[in-house]
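Residue 3 is where the sequence shown starts when you use this note's numbering, and the numbers rise one by one after that.
Beta carbons: idealized from backbone N, C-alpha and C, even for Gly.
The structure under discussion appears below in the form of structure tokens.
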Amino acid sequence: MGTALLHGLVLSFGLILPLGAQNTFVLTQGALHRRWTGALPSVLTAAVSDTLLITLAVSGLSLVLLTVPWLQMALQWCGVLFLLYMGWSTWRAAAAVDRDSGGTPGTARGAAPGGGPSGPAGDAAPDEAWPARRQVAFAASVSLLNPHAILDTVAVIGTSALAYTGTARLAFSLACIAVSWVWFFGLSLAGHLMGVLAAGANLQRWLIRASAVIMWGVALQLLRSLLLA
């Protein structure tokens, strides 16, 4: 069981480490909220979504994707369109920060151009730090509709879990799930620390634009693999 636990920890960490659309979104939300608790909806949604995908993969229910080539291709094409749209939507949020800050680079995070709090309870302006409902919807989308996340979870974690049975498989699954929860909380806290140390509209704009560029990059990489297949 110890081997299965260690395998799950190392494998899950290796899969979750690359800075993709999901990680970038969680990091960005942590940085943009004046209070870290305001970013919790994105963290919890990402962690719960990963838990769901890992559970389905380990149970074998989602392995059907590996046996249906056309379904994999359809999922990947949908992922290209999805990521392109999400990148565009995210890039537009940077323009909203420009408008809300009045184009002033030094406008503090969560503050209106006049200097006072601009959001509910002084958290952040609605166009800068997203409200809970929008965070949940976006985090669920980049987690559950992201073909890279789905295929990685199914193809890597799902097939790796086949090597274990009983309590060993349970330990492997719990290790993978634990890594996701610790990672997303830590990533959000790291983003919030970045926001505290470098508060201002410039940080907001660059984080949001970096998030959009990463989503477009993943989409183009996925499109390239489809065209070369």
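Return the Cβ separation of residue i and residue j in integer angstroms, given the expectation that the two are a contact with Cβ distance under 8 Å.
i, j, result
"Ala177", "Ser51", "In fact, because the Cβ distance is near 18 Å, the residues do not count as touching under 8 Å."
"Ala221", "Gly89", "7 Å"
"Val82", "Leu230", "Incorrect: roughly 14 Å between the Cβ atoms, too far for contact."
"Leu77", "Pro149", "5 Å"
Does DSSP classify residue i as helix, strand or coil?
i, result
"Gly32", "helix"
"Arg37", "coil"
"Trp132", "coil"
"Met3", "coil"
"Ala76", "helix"
"Val12", "helix"
"Ala163", "helix"
"Pro71", "helix"
"Leu237", "As shown, the chain starts at 3 and ends at 231. That puts residue 237 outside it, with no answer to give."
"Gly105", "In this predicted model, Gly105 has a pLDDT of only 48, less than 50, meaning its place in the structure is not dependable enough to derive any value."
Should residue i and residue j be called a contact, given that it needs their Cβ atoms to be closer than 9 Å?
i, j, result
"Val138", "Ile18", "no"
"Gln24", "Ser190", "no"
"Phe186", "Leu147", "no"
"Ile159", "Val28", "no"
"Pro43", "Ala157", "no"
"Thr155", "Leu7", "no"
"Leu86", "Trp218", "yes"
"Ala48", "Ala141", "yes"
"Gly10", "Ser145", "no"
"Gly62", "Ala173", "no"
"Trp38", "His194", "yes"
"Ile152", "Leu46", "no"
Can you tell me where the alpha helix (DSSP H) holding residue i begins and where it ends?
i, result
"Leu199", "168-199"
"Ile152", "149-154"
"Thr53", "42-61"
Taking only heavy atoms of the ligand ZN into account, decide whether any of them is closer than 8 Å to the Cβ of residue i.
i, result
"Gly81", "The ligand ZN is not part of the structure shown, which contains no ligands of any sort."
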